[in-house]
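*Asks:* Residue numbers (the working numbering), protein chains in the order written: chain A, 113 to 529; chain B, 2 to 175; chain C, 257 to 349; chain D, 2 to 998.
The C-beta atom is built at its ideal place from N, Cα and C for all residues, glycine as well.
These numbers come from a predicted model, not from an experiment.
Take this structure first; my questions come after.
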Amino acid sequence: MQKFSAFSLARQAMGRHLGWRPQWRSVVPKPSYDIIIVGGGGHGLGAAYYLAKQHGLCNIAVVERGWLAGGNTARNTTIIRSNYLFEQSSSYYEHALKLWEGLSEELNYNVMFSQRGCLMVAHTVHDVQVFKRHVYANRLNGIDNEWLTPEETKAFCPPLNISPNIRYPVLGAALQRRAGTARHDAVAWGFARAASDLGVDIIENCEVTGIDRDPSGKVTGVQTTRGPIRAGKIGVSAAGHSSVVLAMAGIRLPLQVNPLQALVSEPVKPAFPCVVMSNTIHAYISQSDKGEMVIGAGTDSYVSYTQRGGLHIPAHTLEAICELVPDFRRLRMLRSWGGITDNTPDRSPITAKTSVPGLYVNCGWGTGGFKATPGAANLFAWTIARDEPHPINAPFTIERFRDGTLIDEAAAAAVAH
Amino acid sequence: MIEIAEGCALAGLPPMVRLVLQGRAAALEAAAASLGLEAPPPMLRAVSGAGGTALRLGPFELLVLPASEGWAGLDAALATVPHSLVEVSDRNVGFVLEGARAADILAGLCPLDFALSSFPVGMVTRTLLDKAGAMIWRTGAQAFHIEVWRSFGPYVEGQLREVARGISFSLLAV
Amino acid sequence: MLLIDCPYCGPRAEIEFAYGGEAHIARPAADVSEEEWEAFLYLRDNTKGVLAERWRHAHGCGRFFNALRDTRTDRFHAFYEIGTPRPDVGDAA
Amino acid sequence: MSGAFRLAGRGRIDTARPVVFRFDGRMVRGYAGDTVASALLAEGRHLMGRSFKYHRPRGPVSAGSDEPNALVGVGEGGRYTPNLRATQVEIHDGMVVVSQNRAPSLRFDIGALNTLAAPVLPAGFYYKTFMWPRGFWDKVYEPLIRRAAGLGRAPTAPDPDHYALHYAHCDVLVAGGGPAGLAAALAAGQAGARVILCDENVEFGGSLLVDTHSLIDGLPGMTWVARIVAELERLPNVQLLTRCSAFNYGPHNMVALNQRLSDHLAAPPADMPRERIWQVRARDVVLAAGALERVLVFEGNDRPGIMLASAARTYLHRYGVACGRKAVVVTADDAAYRVALDLAEAGVKIAAIADLRPTPGGPVVEAVQSRGIAVLPATTIQRAHGHLRVTGAELAPIGADGTVGRGRTIACDLVLMSGGFTPSLHLHSQARGALRFDDALGVYVPGESVERVRSAGSCRGIFALDEVLRDGVVAGLAAAGGETGPVWTVTRQDAPGAGGFAGALPRRGPGHLALAFVDFQNDVTAKDVKLAVREGFRSIEHVKRYTTTGMATDQGKGSNVNALAIVSDVLGRTPQEVGLTTYRPPYTPVTFGAFAGHARGDQFDPLRLPPMDAWARAQGVVFEDVGLWRRARYFPRAGEDMAAAVARECRAVRGAAGIFDASTLGKIEVVGPDAAEFMNRFYVNAWTKLSIGKCRYGLVCRDSGFVYDDGVVGRIATDRFHVTTTTGGAAGVLNMMEDYLQTEWPDLDVWLTSITEQWAVIALQGPRARDILAPLVDGLDISAGAMPHMTLREGSIGGVPMRLFRVSFTGELGYEINVPSRQAQAVWDRVWQAGAVFGLMPYGTEAMHVLRAEKGYLIVGQETDGTMTPGDVGCGWAVSKVKPDFVGKRALALPAMNAPDRLQMVGVLTDDPQEVLEEGMQLVTAAETPVPASAEGHVTSSYFSPALGRSIAIAMVKGGRSRMGAALYAPRLEGPALKVTLVDPVFYDPEGARLND
């Protein structure tokens, strides 16, 4: 692997940058692999990397129907945090956050993980109760999270409007200082480059059309638009297309896909120092390295694979942004887009074995998959390599919907009185 | 009436008796008869008879505005038919919006097509006025009877005024 | 914003409606197996293609109804009342 | 005439109306109708901005919304707006304009040093460095990168303007008011369709605004436009919108337009919205978006003074501005020849026309040659000279084998380039229309779409004016369902340009140090694109992301096709194989505030006020938001803080009586012969045996088995129940009831009506409640014997109809007086007056919470979090064991739902009675618990109880009910953990004697 550094950049500059080689090998699929990962997003590429790096399993292919990281990896708002309420969730996301903290060095690829801090703003007495519970629960779990008064909130993020006379005044905020953002593409490319270097074959424009199984039911390979490929194990990390792929093995999942939209403003000079989330008024905002305000909108209500939704959804988000940060009212939407989120009924993911031997699935990340990327990849690799889950992802089974052991983060934040 | 835009006035409606009648066809027919109507109004239409006005808001639902304070006659007419009759006189507050720009103002808050050909006089429906559920009943080419739940009244009035404020600054001919 | 043709009120903007998820999922009796209960409550086809789904005209007539929509294009192919069978529209895109 | 480069008698500006504005502090004179760019160009000034990465000096390359370079900040204070295109900003008196992304000044920008470092800053350099030493990224590198990035500064004051929204409906929406759009709109309008025609420009006409050559029906272009616009204005079924961009094509033909109303006015009327978003639902859409001229990619192509040929033509004919004195034209298309002729006729010297094509020919070429202008076939531009302004162009011959020979430099102050025209496919692509590569034209054109949309004119690759007009009519008729449309005759039109060029121009030598820009604003060069491909980024989407080409504020309008051509060239694949990146809305940037529209300030969300809100406000109440409702939280007296006020309110309720506005509770009337059966199926409780006039606490689960809502239910009649829900759960419960009723149990004869706002609820609670109320109710015996706890009576109070519930959420003797909302305040006043002698006090939600916690009553949403069963919260008793089914029954039978270590609701007492736990605190087994640790449970409610004179708390604890008396610890954020003891959650009057008093 060509080492990336300021030195190598300078040396290549003298060679007019003609010496750079492809960051990952372009390959023709082999007839057979030990493991096939379906889905070349951050999670899938990362799983391949960790299988090779930590489990010594290098005879692996990652197959991707389009271009690498062209799905939700390319379409999210890059927020990274681990301050989830339930211990199972926060352990999972904290596992990811710790990996994020060393990822650039690990991959020799600057993923621009920026620990700018994430404020979860409270607007009601109920919000305060819920977020304080988060603070206490996270602290017990060894995860940083602290409570800020409105004035402290304003000091941490000066553009916020904390006037007590607005429709939803800011009553305080929970702050996770280690939270932040990263460059989404870089994560996937970094994993792809490092995995490729360890011998993983990365195959783009290769859509899985069938899953082959032997008479005992065990998987034996996949059919693809580039021909059949044999494999002893198949790990599906296909995000919005998880249901489609798993259906090929006769498995129905507790999933519903919804469009999720996001947008950026035109770039401006640094004006917003952290990530701010408001669940009550549905606003999520941070500023990218380029200077764009990156804003997450809500999900459209219906099942759709179109990667677009209604304009009223981002419009509603911008109403909230304009109230929370009134100085930004004259900023302009530059670009908006939609992704396909795969949502479970309890809004927690599945990283698990399936009922089909040799078939594993990592899905159901809904609107929160990016932050988990290295953690999910790492634990999915463990699950595939050992044919059993790591203790951290052990609760995130498919079976929890049968036995009722849900991990319901969404309901935990619900409002009622 | 308060003029909220040039040629457009808004006023709150006085209290009135409002009844929600729900039931299958027989109940709606019995109610219609007691109001002096030949039949229940078709979907999304309001029809008045001697006993009051029936507004067909759903396939199994009428909003009844009796002509008089009491509704014993209606009760009696429905006695043998399964139904639900519930008084909601105070649940709603009503507005009347009138004038050349009335439809344009509503179109600032509501995704319905208020062209007379699409939303004729006598049509009534529940819909949204921005973030508030509302019932809109066209009582004239340039007149609308609007109802919202009581607590949404100030909000809806505020939104109508806000839209009216800017409505004259462009042509909205179509 | 989708345009949804309520069988009772005609075409209306999506914001008047509440989504109701996949249609034709019958609620089983309380003595079914855990597997059947899980299937009813949580497992979904999540169809990429023509999906039968439920909508409620929440800010309109209030009625639930079914629709066939192609989730690849968001194009609707049919609207029909609850309790009536799914119309056959093939796998039209 | 002001401006040395202004040409008298030309342009569509109003020279009778001079306008003065400021640019970077300096006064600039222009005329009404000028843009910032045209006014500055009239002064001979091209330098207007700095690029994103290298801070290169830049001038306008276009004259419209596709401008990547000339971005400026406009306005002051709350009206300051960054990143506006100088080519679109209409000037008015007093306007303040500043250049961006430069320090200290536009002419001398220290950031331009980045250009020197360009060799080590290729595409994606930041992925490869800034990783050492670890920790420097956050603190050193990233802040530096961020400061260098961004364009204009962000606004720092709230925007005083307001914005509007309008929903519109039409048969035919025509997007684009050039010749094709005008023709389509007229054809559709005359066919009787409801038509909306919009155009982003100040006036209709499109390319005809600058075409002074062609004649339509013998009329010059603009005369024809005026005639057509007048005809359209006469049609009552046609809506015309200028300064209005179609920017978003949503599902089912919902197209959003952004209309700019006030920015061009020096003193707009106070009530005029700045912008209005039109949400147009169109049965059919005609896209007449036109085509954009392509830039050419050569060394130094970004120097100020280098622009699109069509832009120079626009500045000449719309603004009467010559963009230079001496121009060199570089083209691969015939259109630039007409521009050269127009400029020459206006007195601009055309030094040479370099044509990339080997054998340019045709009437317009001959016309140029006959004017004595040098036409150099098979000639490229090797590089442009100059720094803050182009000073010369090195033109070089292209040999038959494609190699470039030695060239010569021609001095000039203007270089015009034309790579041919790219159809604007943005809206078609947003409509999920397929794109098809047209080999003959060398560009993508629209294919099929699932929407009812058709393109007309140059946006689908039709360029000859007569064909464009015919195409517009055909599209308009097809959209409107019309049969015959207008016919026009075009004379003197130029033949559509043949040729065109995409990609990097041929050059002599490798040009390793040459900077030839593909994406101007983001400083992406041809080399960057090639580097990306070399590094394995073979998908066009990867190239876009790795190099950031096409991601600037012009969204690649000028750059995408060139990037595509370079990638296709390097990979040896056809453009069709490479494909295009996705077009993402909006077409041009749209103001956040415009999306927010009317939802602003107090009107952002409905504020629902309960019936006694005004009374409470007069008492100096402190409110809290609960959902959309504003509720009274507590009523402080002078000098009281919340704790003191709440303690006083609680003591009043326990000692005398309190009055509380409980109207926000959800209420549903369940009526019909099958009402009881419905209740049985929906609630976990049994209802059949509840007799008329009795009440029962009801609990709702979802079919997942988890508690969803609760409330008291009263039976008014055999077939009529008065159901209450929580405030926040009202809408959800009704929706869930309708869901089961309509889709699972449609056979039941029962109907649901929301009566939340029909009935106001006055809660009167406390030992003196009956004493206060008894004299007020009309002929109703409310004595303990006649009306015991959990009963209801219909009657009247002072003549006002009433449903009186004897229920209690405080543990005291209590009533909830339901009266019609409109008369609630009058009833409240009577109760208030009657209560004065008994010490009646108003109380708010905070005291209500304390009082109910003293009694161990749960609040759904506080004790429960969506994962609690009835048993978990101590309500297992409510769940019917005999009903064959109810919502939640099957799930409640799952083993996990009955596990002994589930979280269970318990009471918690601190060792120190004065110590009040914080809600949300976690509970653990040891005083010193190293993290990370698992919790045994958590505190859900915690208060100081005035009745008990000590703190109390409710918690959810694993297996809590079997751990009564056990000690646990609540770790604090600072300091040692607090020891607590688990107790029964009913702290006060456990026998319920006071309730039944």
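Using the Cα positions of D:Val838 and D:Ala657, report the straight-line distance between them to the nearest angstrom.
*Replies:* Residue mapping note: residue 838 of chain D aligns to position 837 of the fourth sequence, counting from 1. Residue mapping note: residue 657 of chain D aligns to position 656 of the fourth sequence, counting from 1. One C-alpha to the other measures close to 10 Å.
*Asks:* Report the rounded CA-to-CA distance for D:Pro1000 versus D:Val239, giving the unit in angstroms.
*Replies:* Missing from the structure shown is residue 1000 of chain D; chain D here goes from 2 to 998 and no further.
*Asks:* In angstroms, rounded to a whole number, what distance separates the CA positions of A:Gln227 and A:Gly481?
*Replies:* Within the first sequence, the letter at position 115 stands for residue 227 of chain A. Within the first sequence, the letter at position 369 stands for residue 481 of chain A. Cα to Cα, the separation comes out at about 18 Å.
*Asks:* Taking the C-alpha atoms as reference points, what is the distance between D:Glu758 and B:Asp91?
*Replies:* Here residue 758 of chain D refers to the residue found at position 757 of the fourth sequence. Here residue 91 of chain B refers to the residue found at position 90 of the second sequence. One C-alpha to the other measures close to 7 Å.
*Asks:* When the Cα atoms are used, what is the spatial distance from D:Val861 to D:Thr846?
*Replies:* Stepping through the fourth sequence from its first residue, residue 861 of chain D is reached at position 860. Stepping through the fourth sequence from its first residue, residue 846 of chain D is reached at position 845. Looking at the two C-alpha atoms, the distance is approximately 14 Å.
*Asks:* Within its chain, find whatever has a CB closer than 7 Å to the CB of D:Glu992; leave out the 5 residues flanking it on each side and keep chain order.
*Replies:* Start at 1 with the first residue of the fourth sequence, and residue 992 of chain D comes out as number 991. Here the set comprises nothing.
*Asks:* The ligand HEM and D:Gln191: does any heavy atom of the ligand fall closer than 7 Å to the residue's C-beta?
*Replies:* As presented, the structure is devoid of all ligands, the ligand HEM included, so that no description of it is given.
*Asks:* What do you get for B:His146, buried or exposed, if any count of 16 or more other CB atoms within 10 angstroms of its CB means buried?
*Replies:* Residue numbering aside, residue 146 of chain B sits at position 145 when the second sequence is read from its first letter. Buried: at least 16 other Cβ atoms inside 10 Å.
*Asks:* My output table needs one value for B:Phe96: the three-state DSSP class, helix, strand or coil.
*Replies:* The count along the second sequence starts at 1 and reaches residue 96 of chain B at position 95. If DSSP states are grouped into helix, strand and coil, B:Phe96 belongs with the strands.
*Asks:* Which runs of the alpha helix (DSSP H) at least 4 residues long sit entirely within the region 661 to 739 of chain D? Give them in chain order.
*Replies:* Taking only runs of at least 4 residues, the alpha helix (DSSP H) segments lying wholly in the region 661 to 739 of chain D are 676 to 683.
*Asks:* On the three-state DSSP scale, how would you describe D:Arg823?
*Replies:* Against the fourth sequence, residue 823 of chain D aligns to sequence position 822. Note: D:Arg823 maps to helix in three-state DSSP.
*Asks:* Which bits of chain A does C:Asp261 rub up against, with CB to CB less than 8 Å?
*Replies:* Within the third sequence, residue 261 of chain C is the residue found at index 5, counting from 1. Residues of chain A passing the Cβ test: none, with the nearest at roughly 15 Å.
*Asks:* If you pair each beta-carbon of the region 971 to 986 of chain D with each one of the region 883 to 891 of chain D, do three or more pairs fall below 8 Å?
*Replies:* Verdict: no, contact absent.
*Asks:* Once you ignore the five residues that flank A:Ser413 on each side, which residues in its own chain have a CB closer than 8 Å to its CB?
*Replies:* Stepping through the first sequence from its first residue, residue 413 of chain A is reached at position 301. Only Asn370 meet the Cβ criterion.
*Asks:* Look at the alpha carbon of D:Phe24 and the alpha carbon of D:Val98, and state the distance between them as a whole number of angstroms.
*Replies:* Translated into positions along the fourth sequence, residue 24 of chain D becomes position 23. Translated into positions along the fourth sequence, residue 98 of chain D becomes position 97. Answer to the nearest angstrom: the Cα atoms are 5 Å apart.
*Asks:* Considering only their Cβ atoms, is the gap separating D:Met737 from D:Asp662 smaller than 8 Å?
*Replies:* The residue given as residue 662 of chain D occupies position 661 in the fourth sequence. The residue given as residue 737 of chain D occupies position 736 in the fourth sequence. No, these two residues do not count as a Cβ contact at 8 Å.
*Asks:* Can you look up D:Val239 in the DSSP assignment and give me helix, strand or coil?
*Replies:* Position 238 of the fourth sequence holds residue 239 of chain D. Strand, per DSSP.
*Asks:* Using only alpha-carbon positions, find the residue among A:Met405, A:Gly470, A:Thr466 that is nearest to D:Arg154.
*Replies:* Residue mapping note: residue 154 of chain D aligns to position 153 of the fourth sequence, counting from 1. Selected option, being the one with the closest Cα: A:Met405.
*Asks:* Give me whichever residues DSSP pairs with A:Cys475 in a beta bridge.
*Replies:* The count along the first sequence starts at 1 and reaches residue 475 of chain A at position 363. A:Ile462, per the DSSP bridge assignment.
*Asks:* Is there a C-beta anywhere in chain A that falls below 8 Å from the one on C:Tyr264?
*Replies:* Locating residue 264 of chain C in the third sequence gives position 8, counting from the first residue. Not closer than 8 Å to any Cβ of chain A, the Cβ of C:Tyr264 fails to qualify, so no.
*Asks:* I need the straight-line Cα distance from D:Ala732 to D:Arg574, nearest angstrom please.
*Replies:* To locate residue 732 of chain D, count along the fourth sequence from 1; it is residue 731. To locate residue 574 of chain D, count along the fourth sequence from 1; it is residue 573. Taking the straight line from one Cα to the other gives about 57 Å.
*Asks:* Does the region 665 to 681 of chain D come close enough to the region 262 to 280 of chain C to have 3 or more Cβ pairs within less than 8 Å?
*Replies:* The answer is no - the region 262 to 280 of chain C does not touch the region 665 to 681 of chain D, with fewer than three Cβ pairs under 8 Å.
*Asks:* Note down, in chain order, every chain D residue with its Cβ under 7 Å from the Cβ of C:Thr340.
*Replies:* Within the third sequence, the letter at position 84 stands for residue 340 of chain C. The contacting residues do not exist; C:Thr340 stays about 11 Å from chain D at best.
*Asks:* Starting from A:Pro426, trace the beta strand (DSSP E) in both directions and tell me its first and last residue.
*Replies:* As a position in the first sequence, residue 426 of chain A is number 314, starting the count at 1. Looking at the DSSP string, A:Pro426 is not in any beta strand (DSSP E); the run it does join, the alpha helix (DSSP H), is 424 to 436.
*Asks:* Name the one or two DSSP bridge partners that D:Ser100 has.
*Replies:* On the fourth sequence, residue 100 of chain D is found 99 positions in, with the first residue counted as 1. Looking at the DSSP assignment, D:Ser100 forms a beta bridge with D:Val73.
*Asks:* Leaving out five residues on either side along the sequence, give the residues of the same chain with a beta carbon under 6 Å from the beta carbon of A:His529.
*Replies:* Reading the first sequence from its first residue, position 417 is the one you call residue 529 of chain A. Because A:His529 carries a pLDDT of 38, less than 50, the predicted location of this residue cannot be relied on, and no value is offered for it.
*Asks:* Just the Cα atoms here: how many angstroms apart are D:Tyr1025 and A:Val223?
*Replies:* This structure cannot speak to residue 1025 of chain D, because chain D is shown only from 2 to 998.
*Asks:* Taking DSSP as the reference, what is the three-state secondary structure of D:Ile773?
*Replies:* Your numbering for residue 773 of chain D matches position 772 in the fourth sequence. Helix at D:Ile773.
*Asks:* Going along the chain, which residues of the region 308 to 338 of chain C sit with their C-beta nearer than 7 Å to a C-beta in chain A?
*Replies:* Cβ contacts with chain A: Glu309, Thr327, Arg328, Thr329, Asp330.
*Asks:* How many Å lie between D:Val525 and D:Gly557 at the Cα?
*Replies:* If you number the fourth sequence from 1, residue 525 of chain D lands on position 524. If you number the fourth sequence from 1, residue 557 of chain D lands on position 556. C-alpha separation (whole angstroms): 11 Å.
*Asks:* Answer yes or no: does any C-beta atom of chain A fall closer than 8 Å to that of D:Leu396?
*Replies:* Counted from its first residue, the fourth sequence places residue 396 of chain D at position 395. No, its Cβ sits nowhere closer than 8 Å to a Cβ of chain A.
*Asks:* Taking a cut of 9 Å between CB atoms, which residues from the region 241 to 263 of chain A lie near chain D?
*Replies:* Result list: Gln241, Val242, Phe243, Lys244, Arg245, His246, Val247, Tyr248, Ala249, Arg251, Leu252, Asn253, Gly254, Ile255, Glu258, Trp259.
*Asks:* So if DSSP puts B:Ser85 in a beta bridge, which residue, or which two residues, is it bridged to?
*Replies:* Counting from 1 along the second sequence, the entry for residue 85 of chain B is found at position 84. Beta-bridge pairing links B:Ser85 to B:Gln23.
*Asks:* Of all Cβ atoms in chain A, is any one closer than 8 Å to the Cβ of C:Arg283?
*Replies:* For the purposes of this step, residue 283 of chain C is taken as residue 27 along the third sequence, with counting starting at 1. Not an interface residue.
*Asks:* Assuming the contact rule is C-beta atoms closer than 8 Å, D:Val29 and D:Ala40 should be a hit. Round their C-beta distance to whole Å, please.
*Replies:* Counting from 1 along the fourth sequence, the entry for residue 29 of chain D is found at position 28. Counting from 1 along the fourth sequence, the entry for residue 40 of chain D is found at position 39. Yes, they are in contact, since the Cβ atoms of D:Val29 and D:Ala40 sit about 6 Å apart, within 8 Å.
*Asks:* Do you know whose CA, among A:Leu163, A:Arg514, A:Thr509, lies nearest A:Ala307's CA?
*Replies:* Taking the first residue of the first sequence as position 1, residue 307 of chain A is located at position 195. Minimum Cα distance to A:Ala307 is reached at A:Leu163.
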